[in-house]
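Trainee: Taking full-length UniProt numbering, the leading residue of the sequence shown gets 1, the next gets one more, and so forth.
Heads up, the beta-carbon is just placed ideally off N, CA and C, and yes, glycines get one too.
A quick note: this is a predicted structure, and the numbers were derived from the prediction, not measured.
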Amino acid sequence: MRTLVVLGLVLAAATPAFAQSDKAARCESSAKMVMEAVQARKDGVPQKRTERELRRALDRDAGVMLAQWIYALPEDQLNLDVGRSWEQQCLSQ
Numbered sequence: 001m002r003t004l005v006v007l008g009l010v011l012a013a014a015t016p017a018f019a020q021s022d023k024a025a026r027c028e029s030s031a032k033m034v035m036e037a038v039q040a041r042k043d044g045v046p047q048k049r050t051e052r053e054l055r056r057a058l059d060r061d062a063g064v065m066l067a068q069w070i071y072a073l074p075e076d077q078l079n080l081d082v083g084r085s086w087e088q089q090c091l092s093q
């Protein structure tokens, strides 16, 4: 019985850690996607093409909104800070 209680406590304590690591992985992945779109813009890829790729990865509305946001950024802001900020915002939610 004591073993079951200890096992239950260990699993309960581990669940938030797994959730956090899963969230961190999702946020890192989405930040990478943002940076790929930033790089596409820097490489001269048309916005519509980037929208199409993001819609495939996300959904219709999210892909369009993300592409519009990236293509509206001033050129001097197209750097690694975009991905870092995106990841931090994601982790804070």
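Identify the continuous alpha helix (DSSP H) that holds ASP61 and give its terminal residues.
Mentor: The residue you call residue 61 lines up with position 61 of the sequence shown. ASP61 -> alpha helix (DSSP H) spans 60-72.
Trainee: Cβ of LEU54 within 8 Å of Cβ of LEU73?
Mentor: Translated into positions along the sequence shown, residue 54 becomes position 54. Translated into positions along the sequence shown, residue 73 becomes position 73. In this structure, LEU54 lies away from LEU73, with their beta-carbon atoms at least 8 Å apart.
Trainee: Is it true that the CB of ALA57 sits closer than 8 Å to the CB of MET35?
Mentor: For this step, residue 35 is matched to residue 35 along the sequence shown. For this step, residue 57 is matched to residue 57 along the sequence shown. Not closer than 8 Å, so no.
Trainee: Candidates TRP86, SER30, LEU78: which alpha carbon is nearest LYS42's?
Mentor: Here residue 42 refers to the residue found at position 42 when the sequence shown is read from its first residue. Here the closest residue by C-alpha is LEU78.
Trainee: Which ranges would you report for the beta strand (DSSP E) in the region 24-59 if only whole runs of at least 3 residues count?
Mentor: none
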